[in-house]
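To start, the structure under review is shown below, and the notes come after it.
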Amino acid sequence: MRSRRELKKPPAILTPCKAAVLLAVLASAGCGRRAPAAVQRGRDVYAQLCATCHGASGEGYVADNAPSLRNPNFLASASDAYLNAAITRGRPGTAMGAYGRALGGPLPPEDVNAVVAYLLAGGPRRLQLPSDRVAGDATRGQPLYQNLCSRCHGTRTQRASAVHLANPILLQTASDAFLRFAVVEGRLPTAMVAWKGQLSLLQIDDVVAYVRSLEEPPGIPAVPPPPAAPGPPAAPRTGPIVLNPRGRAPAFTLKEDRFVSIDQVKKALDEKRRVVITDARTPSDWLNLHIKGAISTPYYDARSLDDIPNDGTWVLAYCACPHHVSGEVVDALRKRGYQHAAVIDEGIFAWQQKGYPVVMAPGMRPPPTPPPPK
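Rendered as structure tokens:
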């Protein structure tokens, strides 16, 4: 028999029926408190940096595993602090880099706040979720999570198709109530269904308690030196641009006239072939983990391509998507007339999982295994 404590209902704001009614009422009430100038600035920044993966309207999944940022349940329950941290600090071990300038990204705090304002403008009013921890049991929640959630959300060491819930920055900044609300109400029309009515309130608390138990301290990110001039930091240059400058050209076989496999690239490096390897992610990502010998060429910074020789040398770009923003760098190179530019097909995490040489900042944790190929 369950104890009175187990049968006690959670705070009223989170009961399934009341939460559903509240969302329905508030979804039509736009959030007009954001300053128009900040919203416009956020729209511009979003178009430059975020739309390439999350979609022009925030619909998500333009790049693999980049979630929707317009889901009303998400916007109603995500706090400003949560959204700010997601942009500033990113999601280490995934394609979501740290965009905060203090970590090597391009955005000062005011621009991060502007993106948050843009995402929230016109959306549902915010729910005032409680700050206390749920009273669930992680031991009971573990089999529920494994049977119902892990195929989409992965495990501590394996990512899957949906948001990786074991991410340390996510768990550091997401409240229990935020996680619980997502389980109760889902993220329709995505594959994340509402579990109210399918699981008891106690079972939902147990699942949240298990997700919380996955929390680990995040790795210690590398901190870049301050920029020499005002503005975003320049792409780091700490080594040669051309690898094996006296080597012969590699003979790559491209897929779809665009993609080269990591195995071909590793073979070319082992044979001391002449190549340039570029990292299309944010400089913050490059600082924390990159292929040995790669230079930083952020997809949003055309100047970072200016010093790459256009003399027929193969220029290979990679990212973590596994080949979305790296494709933008290759497109930019080809528009400049580079005859040999290609995307490293599987991306940085697959490269690392194979044990191929990388440079990782001291204190950073190895990322989880990438999602299985589609």
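Following the numbering used here, the numbering of the sequence shown begins with 30 at its first residue and continues without gaps.
Note that the Cβ used here is the ideal one computed from N, Cα and C, for glycine as well.
Following the DSSP letters along the chain, one finds I306 inside the beta strand (DSSP E) bounded by residues V304 to D308. At the C-beta level, G89 and L148 stay beyond 9 angstroms of one another. The beta carbon of G84 sits closer than 6 angstroms to the beta carbons of V91 from its chain, once the five residues preceding and following it are set aside; these are given in chain order.
Following the DSSP letters along the chain, one finds I373 inside the beta strand (DSSP E) bounded by residues A370 to I373. R130 and Q227 have their C-alpha atoms some 43 angstroms from each other.
Counting only runs of 3 or more residues that sit fully inside the stretch 209-264, no beta strand (DSSP E) segment turns up.
In this structure, G119 is the residue among G119, A191, V304 and P138 with its C-alpha nearest to the C-alpha of R310. Taking A203 as the centre and dropping the five residues before and after it, the same chain places the C-beta of Y111 closer than 7 angstroms to its C-beta, in chain order. Out of R169, K295 and G392, the CA that lies nearest to the CA of V240 is found in R169. Secondary structure note for I291: its alpha helix (DSSP H) is the uninterrupted segment I291 to D299.
If you check the CB distance, P247 and P279 do not come in under 9 angstroms. The beta carbon of R155 sits closer than 7 angstroms to those of A105, all from its chain and outside the five residues before and after it, given in chain order. Looking only at A80, A211 and L78, the smallest Cα-Cα distance to N100 is reached by A211. In this structure the stretch 277-295 does not lie against the stretch 253-267, because fewer than three pairs of beta carbons, one per stretch, are closer than 8 angstroms. Under the three-pair Cβ rule at 8 angstroms, the stretch 312-327 counts as touching the stretch 384-396. Contact check for L345 against R365 fails: the beta carbons are separated by 9 angstroms or more.
The criterion of a C-beta distance shorter than 9 angstroms is not satisfied by A331 and F378.
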